[in-house]
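Numbering (this note's numbering) for the sequence shown: 1 to 649.
Just below is one structure, and these are the notes that go with it.
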Amino acid sequence: MKSSSECNAHIEQWNRSAVRLQCIRSYRAQHEAVPDMSEFEAHTGFFFILTHGEIGVRVSDELVHCRSPYIFYGGEDKSTSFEAPDHHQEWAGYLVLYTLLSASSEGQEKLTHSYGFTPNAMLPIQEKCEAMERHWNSNELLDQLQAQSIFLPMVYEVLSQKLQTLAQPEHTKINMVTDVIKYIKANYRESITAEKLSGRYDCSTSYLSRLFRNQIGLGPIEYLIHERVHRAKQLLLKSDARIQDVASKVGYSDVYYFSRLFKKHTGHSPLQFRAEHKPQAAEVQNNPLRRLESSIVSLPFDSHNENESYYQRSEEGDTSMFRFSRPAFGAMMVLCTSLILSACQANNSTGGAAAAQEPASQTATATASDSTAAETRIYKHLKGETAIPVHPQRVVSFFHLGELIALGVKPVGTTTYVLENPHISDKTGITDIGIPPDAEKILSLQPDLIVTTPALAEIVEGGYDALSKIAPTIVIEQNNEPIKDIEMFGDILGKQEEAKQWNEKFTAQIAAYKAKISPYIRADETFSILNVRPDALFVYGDTNMGGNIIYKYLGLKPAAKVESDVIHGETWEVSSEVIPDFIGDRLFLAVNKGAEDKLKDVQKLIDASPAGKSGHVYSIDFDQFLPSDPIAVEKQLDIITDLIIGDGK
């Protein structure tokens, strides 16, 4: 299937057909062990869900090379076979076969066409396969019936994601953080550990935590706690269920542990919380924005600290988080009413066919009876097309604080961990909207534009739809590319000329710094960036921790292993044994707090490296080099240049 129309035709046949799960089998094997289709009885079709490694599927003499995560669908072609990859490695996956009980000959033919794709979210599919296999292999008839009942939801998830991949641009990488957030929202009742989450992606727990903290300012288990506490509050306010039942519904078998955890993170026991807030919860039931759950929104988490070393080996543990306060409901209802009335005057979403034909940056005047209505234009973003102000005045930006400040725009609100950027000194007038972002705080700021990334939009209760009810909302990528981001925000904010000037100035600055350092380095010298943490070692590529400056802007040469495995590969975390392979002639070293013992373990390897022998090891501050916004990059450029020149004098 190469188009959405072909996929919809395929889905239509599934709707019209009666099917039955015939068999499901899991595999976790070495390269030489592959499924043998001759072992199975005649079937109508199959799904092969590859969760780990690589394998080939040959259908009608055509070989499809599959690399996890990957889903392959095939018909009843008897020549279908699986082939091991040329190199030695393990692979894992599920083979799900089904039988068609009734369908037209035309419909049956449409179900035989093979296709394969990389899903955006493997976790929901894999969970269904695990449950389906567990029930299928049971001796109990009811369990086997349960397996049958899971089969069609699995098909739904596969076809839903196939449609998504057809709609998205080619070569778009899966956002692991967004995928895990969706998984936690759907499965918060289940037993979830950091190891279980990271194991789905064949990465370490520290790697996954790093991605989470970089994108949303929280670790995955911290977010799990937030989701469970939030769901518990909903149950407490919307039902008279016993506390033990509430605890069980949100994933806690021990009601006493749940009560302690709930009190720690809300300041109230479950019963106290229900008694104090339930009467007021009824007041907002008629509020059109009730999906925001304004009576039970969370206050911010504790401040983001990338240096934290725990990654929760068993369940979520007992981490410190946040407390909730009682909102001013009367004032908030007045605000809700005023915003709803103003929203009636101008629709912030462009659902009509005519609007969809507008160019992304075409300016149009919004029709409104109020002569002071703001001028708007259509902006195309990751969630579609939205009418936004041509010159927004009250911006809430979940992530891109530095970009706005660089263009002379101070947002009215941003998230907690973004506010901790050490390179931005003047933060007066910027409200901390928390992390996860607090919808009620955002509403109180009366923004005329909300800018968010996919992951941060996902963790708000109600997601993008809820945010769009507050103000025009656009979802953009987290590029970590200052020049690209400045140009993008120049367009968003109606400050194209300011963006052009900033980029021209920055480009000239880069040229001047290149000339400044050239007398102090050889053309063939290689550079590396190493981050030492209490329980992990990371090698950085060309995105942050100074990598974009060193490799992209200054054009310095990365060590060969850094270029092949990090910049052009997917390696970030490395073991101590291979550290020498990644250290070049010069090393920028960031050591986190509490990582002194870990540094001792690798110090000899650093000293024995080319950088160590020549004395070209530069210490950089992790917190200063973590941000990649335009303001941070300018200051990091000064630091890197001074280190190189000072070393050469």
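Don't be surprised by glycine CBs; every beta carbon is placed ideally from N, CA and C.
Item, Value
"Tell me, to the nearest whole angstrom, how far the beta carbon of E136 is from that of A121; I am working on the premise that it is less than 8 Å.", "In the sequence under discussion, the amino acid at residue 136 is Trp, which differs from the Glu named in the question. That pair is no contact at about 23 Å."
"What distance in whole Å lies between the Cβ atoms of I405 and I388, which are believed to be in contact at a cut-off of 8 Å?", "With 8 Å as the limit, I388 and I405 do not qualify as a contact, their Cβ atoms being about 20 Å apart."
"In chain order, what residues of the same chain have a beta carbon less than 6 Å from the beta carbon of T165, not counting five sequence neighbours either side?", "F117"
"For A511, count neighbouring C-beta atoms within 10 Å of its own C-beta (all shown protein chains included) and say buried if the count is 16 or more, exposed if not.", "exposed"
"Indicate whether S259 and S269 have their beta-carbon atoms separated by less than 8 Å.", "yes"
"Which value, in whole angstroms, describes the spacing of the CA atoms of P69 and K162?", "13 Å"
"Quick check: the Cα distance between L589 and C203, rounded to an integer number of angstroms?", "23 Å"
"Rounded to whole angstroms, what is the Cα-Cα separation between D432 and V395?", "13 Å"
"Where A328 and L236 are concerned, what is the direct C-alpha to C-alpha distance, given to the nearest angstrom?", "Below a pLDDT of 50, predicted positions are generally treated as unreliable, and A328, at 40, falls in that range; the measurement from the model is reported next regardless. Their Cα atoms are separated by approximately 20 Å."
"Which value, in whole angstroms, describes the spacing of the CA atoms of I125 and S26?", "13 Å"
"Would you kindly check if the distance between the Cβ of T80 and the Cβ of V59 is under 8 Å?", "yes"
"Can you list, in chain order, the stretches of the beta strand (DSSP E) that have 3 or more residues and sit fully within the region 90-166?", "91-102 and 115-117"
"What three-state label does DSSP hand D448 in the structure shown?", "coil"
"Might you give, ordered along the chain, the residues of its own chain that have their beta carbon closer than 6 Å to the beta carbon of G330, omitting 5 neighbours on each side?", "With a pLDDT of 43 at G330, under the threshold of 50, the modelled position of this residue cannot be trusted, and the question is left open."
"Going along the chain, which unbroken runs of the beta strand (DSSP E) with 3 or more residues stay wholly within the region 436-512?", "449-452 and 473-475"
"What does the alpha-carbon distance come out to for the pair L142 and F46?", "23 Å"
"According to DSSP, simplified to helix, strand and coil, what is S528?", "strand"
"Going by DSSP, name the residue or residues bridged to D432.", "T414"
"What is the DSSP secondary structure of R291, reduced to helix, strand or coil?", "Since pLDDT at R291 reaches only 43, below the 50 mark, its modelled position is unreliable, and the value read off the structure follows with that caveat. Three-state result, R291: helix."
"Measure the beta-carbon distance from L556 to F527 and round it to whole angstroms, keeping in mind my assumption that it falls under 8 Å.", "5 Å"
"Taking Cβ to Cβ, would you say D448 is nearer than 8 Å to Q393?", "yes"
"Are the C-beta atoms of I181 and some chain C residue less than 8 Å apart?", "The chain labelled as chain C is not found in the depicted structure, where only one protein chain is given."
"Check each candidate in E54, R586 and Y520 and name the one with the smallest Cα separation from I606.", "R586"
"Along the chain, where does the alpha helix (DSSP H) that runs through Q215 open and close?", "T205 to I216"
"With which residues is E6 paired in a DSSP beta bridge?", "Beta-bridge pairing links E6 to no other residue."
"Considering only the beta carbon of each residue, do V158 and I24 sit closer than 8 Å?", "no"
"Thinking C-beta only, is H568 closer than 8 Å to G494?", "no"
"Would you mind reading off the limits of the beta strand (DSSP E) that contains V409?", "No beta strand (DSSP E) holds V409; DSSP gives it neither H nor E."
"Take the Cβ of L101 as the centre, count every other Cβ of all protein chains shown within 10 Å, and call the residue buried at 16 or more, exposed below.", "exposed"
"For the alpha helix (DSSP H) holding F398, just list the boundary residues, first then last.", "It is not in any alpha helix (DSSP H) - F398 carries neither H nor E in the DSSP assignment."
"Taking 7 Å as the cut-off, is the CB of S269 close to at least one heavy atom of the ligand FAD?", "By its list of ligands, the structure shown contains no ligand whatsoever, and the ligand FAD lies outside what it can speak to."
"Quick check on DSSP: helix, strand or coil for G384?", "strand"
"Check the C-beta distance from G53 over to T112 and give it rounded, since I have them as a contact under 8 Å.", "That belief does not hold up - the Cβ atoms of G53 and T112 are roughly 27 Å apart, past 8 Å."
"For V591, which residues in the same chain have their Cβ closer than 6 Å to its Cβ, ignoring the five residues on either side in sequence?", "V532 and L599"
"Of the residues V180, I549 and V562, which one's Cα is nearest the Cα of E634?", "I549"
"For A247, does the three-state DSSP call read helix, strand or coil?", "helix"
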